[in-house]
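Note that the numbering used here numbers the sequence shown so that position 33 is 33, with each residue one more than the last.
Ideal Cβ positions, reconstructed from N, Cα and C, are used throughout, including at glycine.
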Amino acid sequence: MSHAGGRRRRGDADHGHTHDLSSLSGDGATPSPLIRNTLTGIVVLVGLCAAVAMVVLWPHGDAEKVPEGYAGERVSTTITAIEKCPDSADCLQATAEIDGEATDVRLPVGTGAPAFSVGDKILVNGDGAETAAGSAEPQRSFLDFDRTTPLIWLTVLFVTAVILLSRWKGVASLVSLGVSLLAVTAFVVPALIDGKNPLAVALTAAALIMIVAVYSSQGVNVRSSVALVGTLASLAVAGGIGAVFTQIGNFTGFSDESMKFLVAIIGDVDVSGLLLAGLIIGALGVLDDVTVTQTAAVWEISSADPSATRPEVFAAAMRIGRAHVSATVNTLVLAYVGASLPLLMLMAAIDASARDQILYEGVAQEVVRGLAGSLGIVAAVPITTALATLVATTTRPLEHSEV
């Protein structure tokens, strides 16, 4: 009787704990003032430093203008007819309407040229030049296909799927995604063009993106703060390893055609800094996923078995983390390798050995990014699990002793 009564009281206490603490803190835990203040202090300090850094690093538009010939207006139009050029049999031209007038557009031909058909939406240069015969009619050229419509439909499909599955959390995730893209397009890229330190820019953006993404998708609570601190620590590991091996690897960046054009347009470029900045931003999303998942796992394990000791909770969460990290590391490395797939095909086509393929700079820099980011993921699991276990097992209430 006494034992059964004690078990009933424990069940009652557990039920009260789940209901009451969720209403108080929103995450099923009531942190001690020391833990709460420490986590809050770290987050506030990081946020303030990032905000100040953004003000200091914000681009002011003082960079030199793009040299003549590298920039131009891009006009969207639709092909209404395709025919051979009147002055050459090895040439195709399209008829398209621009500013209410039918205009000839020169199309690329030959090996590797895309296939065109009437109705295709294309982008052409907006500043037409005179023809070779001295005619006043502008001669425009094909620049690219206009992919606005398919991208809009894909975005609508993505947004709809996320909202249907995750409801309001999905909306919050989409908001954080928008903030992340805005930070990259409005701050990171312009600041790098303006000549700011790439590492400082990437760390500043990463800190602000982390704060917005974690709190908007997971709520403002102790669990989110633990995940945020774990992400910061693991990102520091990935960034530190990446910085060391980017430096000793002597990467020049000139295996990338985009880097060559970038240097030609804006001049002096911190290549190693750009590579490191790309590593940090690229690894951020994966690290965020790992730390949030591990924090949630610890809280669920601790809540499901309030009698479990701290080592038991840590060990159980680490088993989940090991399974998660094995899949996540594979995802990150394959993402970087996929970006280098055309280059790998080229190296294989010229009969380069596997060693030469890996050591070629274009591939080697992706290897460094992938492995450094993966080491950050590996570090994220024990770091976040240990911190979450400390907080979760400290914050749960003591059970009433049986009398």
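### Message
Quick check: the Cα distance between ALA115 and CYS91, rounded to an integer number of angstroms?
### Response
Cα to Cα, the separation comes out at about 13 Å.
### Task
State the beta-bridge partners of ASP432 as determined by DSSP.
Coverage of the chain is limited to positions 1 through 403, which leaves residue 432 absent and any answer about it impossible.
### Task
Use the C-beta contact count for LEU247: other C-beta atoms within 10 angstroms, 16 or more gives buried, fewer gives exposed.
Here the sequence assigns Gln to residue 247, which means Leu is not the residue at that position. Per the 10 Å Cβ criterion, exposed.
### Query
Quick one: is ARG140 buried, meaning 16 or more other Cβ sit within 10 Å of its Cβ, or exposed?
By the neighbour-count criterion, in which a residue is buried when 16 or more other Cβ atoms sit within 10 angstroms of its Cβ, ARG140 is buried.
### Task
Report the three-state DSSP secondary structure of ASP120 (helix, strand or coil).
Here ASP120 sits in coil by DSSP.
### Message
Could you tell me which whole alpha helix (DSSP H) segments of length 4 or greater appear in the segment 271-332?
### Response
Along the length of the segment 271-332, whole alpha helix (DSSP H) runs at least 4 residues long occupy 271-304, reported in chain order.
### Message
Check for me: the beta strand (DSSP E) holding ILE350 runs from which residue to which?
### Response
According to the DSSP assignment, ILE350 belongs to no beta strand (DSSP E), since it is labelled neither H nor E.
### Message
Taking CB distances under 8 Å as the criterion, tell me whether TYR336 reaches chain D.
### Response
No chain D is present in this structure, which holds just one protein chain.
### Query
Got a sec? Which residues, its chain only, sit under 6 Å from VAL214 by beta carbon, not counting five neighbours each side?
So the qualifying residues of the chain are SER224, ALA227, LEU228.
### Query
Which residues does DSSP pair with VAL105 in a beta bridge?
According to DSSP, which records beta bridges pairwise, VAL105 is partnered with ALA94, ARG140.
### Task
Taking ARG310 and THR389 to be in contact with their CB atoms under 8 Å, please state how far apart those CB atoms are, rounded to whole angstroms.
About 6 Å separates the beta carbons of ARG310 and THR389, which is inside the 8 Å limit, making them a contact pair.
### Query
Is it buried or exposed for GLU83, if we count other Cβ within 10 angstroms and need 16 for buried?
The residue in question, GLU83, is exposed, as its Cβ has fewer than 16 Cβ neighbours within 10 Å.
### Query
Can you tell me the Cα-Cα spacing of ALA113 and ILE122, whole angstroms?
Their backbone Cα atoms lie some 14 Å apart in a straight line.
### Query
Per DSSP, GLU83 is paired with what?
Under DSSP, GLU83 takes part in a beta bridge, and its partners are GLN93.
### Task
Assign GLY239 to buried or exposed, taking buried as 16 or more other Cβ atoms, counted over all protein chains shown, within 10 Å of its Cβ.
Result: buried.
### Message
GLN93 and VAL105 - do their beta-carbons sit closer together than 8 Å?
### Response
The answer is yes: Cβ separation under 8 Å.
### Query
Touching or not, the segment 340-349 and the segment 322-330, by the rule of three or more beta carbon pairs under 8 Å?
The segment 340-349 is not in contact with the segment 322-330.
### Query
Where does the unbroken alpha helix (DSSP H) through SER176 begin, and where does it stop?
Its alpha helix (DSSP H) spans residues 148-183.
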